[in-house]
Amino acid sequence: MTNSPVVVRRAVRPEDLPPAFVNRPAAYLSSLFENGGPGTVVLLAQGSIWELEAILKIAVNDAELATEGYPTDPNLHAQVHSVGEGEATAIFFHNTSHVKLSHLTIDGRRPDKGWVDGGGPLIACGGREGKDPVVQYCVIRHPRGWSSLQVFDNCEGGRVIGNKIGPAGLPAPKGPWADGLSIACRNGLIANNEIVDATDGAIVLFCAPGTMCIGNTIIADKQNLLGGINMVDMGPYSCDYTDTRVFNNVIKSTGAHIKLGIG
């Protein structure tokens, strides 16, 4: 962990944007991390709505973006919406260490903003030099690209805990589908998440050697689901599933069809 002073910005609100950042909230929030440096914590005001014109990028280590007070009631979350033209990703952190998202609602707004051809995941983090990214106690829904959350190749120690994911994608014949969680990190923990109405894979493990997937609940309610927990593809690990563990998860239908439970 860094020994640098921690910079904390509290109760940040969209209406308080400086003149240089009017109508550019993503650029403003990104600048808070860039200017604050390692250890920066940005706490968004409860109930605030951030309509991002571009990707919010966190490019420093030991950083955190959360709702002030860490409310357990999602109705009090700060909401981060991806509304940029042709951009599906809301939040991106790559090759960073110990970056955390906590107690936020991240919404891709697919019902009103539509699908983005070739669009990325709603949240993307990881990378070959990435270590210990954390996404916890968030609501993540309506991605405009292929996944709600991707923890990508060769990252180490990702933690995805206690989130509520979905809906994600549209079922056939309309489509396109979307994943709930797309995980390709080593030695991670995917635990106690609830994924409702994903349409492709609710949880997809791209080998993810050493990762534990435990205590998650997957529900197909109003949208058909291709797969509950899918372990797929050569990926970056050439089919290395050493110590990948999947146990004590619940996969169930409360109204829609599940084609494959686990495989």
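Position 88 (the sequence shown) corresponds to 1562 in the numbering used here; numbering is contiguous.
Even glycine gets a Cβ: it sits at the ideal position worked out from N, Cα and C.
Since the structure is predicted, the reported quantities are computational estimates derived from the model, not experimental observations.
Ignore the nearest five residues each way along the sequence and tell me which others in residue i's own chain have a CB closer than 8 angstroms to its CB.
i, result
"D1671", "G1640, P1641, A1642, I1693, A1694, D1695, K1696, Q1697, L1699, A1730"
"M1475", "With a pLDDT of 46 at M1475, under the threshold of 50, the modelled position of this residue cannot be trusted, and the question is left open."
"S1522", "V1486, R1487, P1488, A1552, Q1553"
"R1462", "Nothing can be reported for residue 1462: it is not among the residues displayed for the chain, which extend from 1475 to 1737."
Which class does residue i belong to by DSSP, given the choice of helix, strand or coil?
i, result
"L1644", "coil"
"R1498", "coil"
"S1571", "strand"
"A1603", "One detail in the question is off: residue 1603 reads as Glu in this sequence, not Ala. E1603 falls in the coil class under three-state DSSP."
"L1623", "strand"
"M1475", "Because the pLDDT at M1475 is just 46, under 50, the model does not fix this residue reliably, and the point stays unresolved."
"N1509", "helix"
"L1679", "strand"
"G1560", "coil"
"L1491", "coil"
"L1734", "strand"
"G1709", "helix"
"N1704", "strand"
"R1633", "strand"
"F1587", "Inspection of the sequence shows that residue 1587 is occupied by Lys rather than by Phe. It is helical."
"L1596", "coil"
Return the bridge partner residues of residue i from the DSSP annotation.
i, result
"C1687", "I1664, V1720"
"T1541", "L1518"
"E1527", "Partner(s): none; E1527 has no beta bridge."
"R1483", "V1516"
Looking only at its own chain, which residues have a Cβ that is under 6 angstroms from the Cβ of residue i, when we skip the five neighbours before and after it?
i, result
"I1736", "G1702, I1703"
"M1705", "L1679"
"L1518", "V1486, T1541, A1552"
"S1622", "L1596, I1614, I1639, A1642, G1654"
"L1506", "R1483, V1516"
"D1547", "none"
Using a Cβ-Cβ cut-off of 8 angstroms, state whether residue i counts as contacting chain B.
i, result
"P1683", "Checking the listed chains, one finds no chain B in this structure; it contains a single protein chain."
If I measure Cβ to Cβ from residue i and keep anything under 7 angstroms in the same chain, skipping five residues before and after, which residues do I get?
i, result
"Y1711", "C1681, P1683"
"E1491", "Note on identity: in this sequence residue 1491 is Leu, with Glu being the wrong assignment. So the list reads P1499, Y1502, once near-sequence residues are dropped."
"V1625", "C1599, G1600, P1607, G1632, V1634, I1657, A1658, C1659, G1662"
"D1674", "G1643, W1651, A1652, D1653, L1700"
Check your understanding: Is there contact between the stretch 1605-1620 and the stretch 1564-1575, where contact requires at least three CB pairs shorter than 8 angstroms?
Key -> yes
Review point. Can at least three beta-carbon pairs, one atom from the stretch 1540-1560 and one from the stretch 1573-1588, be found at a separation below 8 angstroms?
Key: yes
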